[in-house]
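Here the structure comes first, spelled out in structure tokens, and everything after it is commentary.
Structure follows, in structure tokens:
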């Protein structure tokens with residue numbers, strides 16, 4: 224590292240900025256999202272030099288919440304730490320939602336919060352608050368750097384090292400040894416005193432520093448066509464070992480002549496292709512959520528949400544769980560049934576749950592999971608596939624009838640059209656965390672498809688905030704076109720993320736918004752029944768339905784993006800097939816009227832026609 228040295232104490236701010244950034248770059252940080260502010264200026268000027276040298280990519284966003292979720296998306300897609308730079312004060316608080324999501328979804332996010340010097344804390348000085356430790360339990364580590372680098376390593380150095388370790392999965396006590404802790408966000412709070420602007424000679428010094436780390440810059444992420452199937456879905460260095468372990472444990476873990484047991488594999492968010500490999504090796508039905516990374520192949524069941532509520536669900540005796548299930552109450556009910564035994568594959572601790580708080584028994588090895596799964600009855604998987612095909616046929620008829628009755632497309636039909644487009648062009652998808660991710664969970668699965676395109680969703684805390692920014696970050700990190708499927712409230716909640724400055728890289732992102740003027744999901748919950756009671760309909764519609772008259776076309780075009788409207792399936796398919804360059808928005812207008820009744824009807828049709836065969 225080129226040292227920023229001077230006898231002039233005014234250079235302390237830039238020495239601190241360069242020291243912090245240098246360590247982060249050496250730890251793998253290659254992208255930074257910066258929100259403007261004066262107190263963070265030393266970081267901004269140092270990043271400008273690093274950007275010019277090609278060491279890091281810097282993206283500027285005027286809204287800190289947008290910045291946070293953009294960085295979250297980048298880190299989700301790349302698996303590398305991504306930095307977020309803010310000034311002091313409320314700017315730091317704006318990052319809290321992204322930090323919380325990063326915590327629960329184990330995303331390495333480096334929060335670089337600029338701060339006033341300690342002498343101003345507690346004095347009432349402008350834009351000064353107690354921001355060190357602001358994120359509490361939601362960060363893996365935090366450091367308050369008030370005089371960094373230290374002449375001799377002390378508490379600040381130790382705290383900063385713990386932050387670097389949490390971002391990289393390393394043991395802070397032995398850097399060459401991996402940690403067993405999950406990745407996650409950290410806060411690096413950096414106090415800067417004036418002056419905050421560089422003297423003329425500082426430009427050359429910053430350039431020299433940036434040049435000294437150019438050899439560390441990461442290679443451009445390979446495009447999907449250049450990646451193997453395994454790499455495209457999971458970049459884990461242990462993937463090949465895991466696949467071999469699954470195959471090797473398939474026969475060895477089940478005693479010959481063991482009694483048949485009706486087991487299913489459930490793959491929740493982030494399960495990865497390991498769940499699919501396990502199900503196929505054990506010849507078990509695979510009930511996989513869209514964002515599991517496992518929803519494909521010959522064992523996957525598309526309409527499992529509906530089948531779990533019928534006789535097929537009643538027959539289940541055991542469950543092997545991978546990842547975190549968050550979408551379906553039927554899955555939650557299954558895992559809490561007294562007559563069903565379940566295990567969860569947890570080779571290491573996770574951020575989203577404590578093992579003793581889950582209904583499943585944790586197992587650390589695939590052999591344990593395989594032994595627990597047992598041997599299925601000879602026709603167990605075939606019966607699931609037969610019922611899946613029948614359920615999907617019944618559901619398709621019900622969806623078409625609802626479309627014809629309302630004169631508008633419904634969410635599941637939109638999800639099916641989007642899924643068809645993904646199958647045609649192989650592009651990945653981000654899906655909002657509301658009704659549409661559940662609609663996507665009802666889309667049928669082609670057993671001949673080796674691997675589906677990746678689906679991301681912010682399921683850590685399942686909020687709708689920051690969805691547009693998250694998708695933008697994923698598209699920018701992957702450097703290829705991407706689709707985003709979301710509802711109208713999710714779009715409006717993050718409308719500010721449609722704004723890009725004239726010098727910023729705009730992602731290639733096609734946004735499909737299903738606009739039913741409000742929060743349709745609430746009518747499918749208990750609130751829908753309350754709305755039918757005397758005197759409550761108005762309150763439920765106002766406080767939960769939250770209707771609006773927003774003009775999506777004007778919103779989109781005001782931000783300089785292309786707008787299309789699709790009123791039927793043919794128009795939607797045509798719009799989905801248009802080349803994705805920059806940001807474009809396809810609006811599909813639906814209705815919430817009768818939504819709860821329709822969804823109940825779809826479930827009843829499937830349950831009524833169920834013929835699962837003998838027990």
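In the working numbering, the protein residues as written are 224 to 838.
We put the CB at the ideal spot given by N, CA and C, even for glycine.
In the three-state scheme derived from DSSP, where H, G and I count as helix and E and B as strand, residue 327 is classed as helix. Cβ-Cβ distances below 7 Å link residue 676 to 645, 649, 650, 651 and 652 in the same chain, with the five nearest sequence neighbours on each side left out; the list follows chain order. The three-state secondary structure of residue 404, taken from DSSP, is coil.
Looking at the DSSP output, residue 254 sits in a beta bridge with 280 and 305. Residue pairing for residue 412: DSSP places it in a beta bridge opposite 336 and 367. Counting only runs of at least 4 residues, the stretch 595-663 fully encloses the following alpha helix (DSSP H) elements, listed from N- to C-terminal order: 603-629, 634-648 and 658-663. At a Cβ-Cβ threshold of 8 Å, residue 549 and residue 685 count as neighbours.
Out of 301, 308 and 294, the CA that lies nearest to the CA of residue 259 is found in 308.
Residue 544 and residue 598 have their alpha carbons spaced roughly 17 Å apart. Per DSSP, the unbroken beta strand (DSSP E) holding residue 584 starts and ends at 584-586. Its Cα nearest to that of residue 358, the residue 316 stands out among 426, 386 and 316. Comparing alpha carbon positions, the residue from 389, 390, 513 and 826 closest to residue 620 is 826. A distance below 6 Å between beta-carbons, with the five flanking residues on each side excluded, links residue 363 to the following residues of its chain, in chain order: 389, 407 and 409. Taking C-beta atoms as the reference points, residue 333 and residue 266 fail to come closer than 8 Å. One thing to note: residue 321 has its Cβ no nearer than 8 Å to the Cβ of residue 343. Beta-carbon to beta-carbon, residue 808 and residue 795 are separated by about 13 Å, too far to satisfy the 8 Å threshold. For secondary structure counted as the alpha helix (DSSP H) over 4 or more consecutive residues, the stretch 732-809 holds these complete runs in sequence order: 749-753, 760-763, 775-781 and 792-799. Under the 8 Å Cβ criterion, the stretch 284-299 does not count as touching the stretch 657-669, having fewer than three qualifying pairs. In the structure shown, the three-state DSSP call for residue 429 is helix. If you look at residue 503, you'll find it isn't in any beta strand (DSSP E); it sits in the alpha helix (DSSP H) that goes 496-505. Here residue 345 is exposed, its C-beta having fewer than 16 other C-beta atoms within 10 Å.
Under DSSP, the beta-bridge partners assigned to residue 564 are 541. By alpha-carbon distance to residue 788, the top candidate from 537, 703, 689 and 631 is 631. Residue 729 has its alpha-carbon roughly 36 Å from the corresponding atom of residue 369. Cα atoms of residue 302 and residue 759: separation of roughly 47 Å, rounded to the nearest angstrom.
Under DSSP, residue 679 takes part in a beta bridge, and its partners are 653. DSSP, reduced to helix, strand and coil, places residue 489 within a strand of the structure shown. According to the DSSP assignment, residue 706 belongs to the beta strand (DSSP E) that extends over 705-710.
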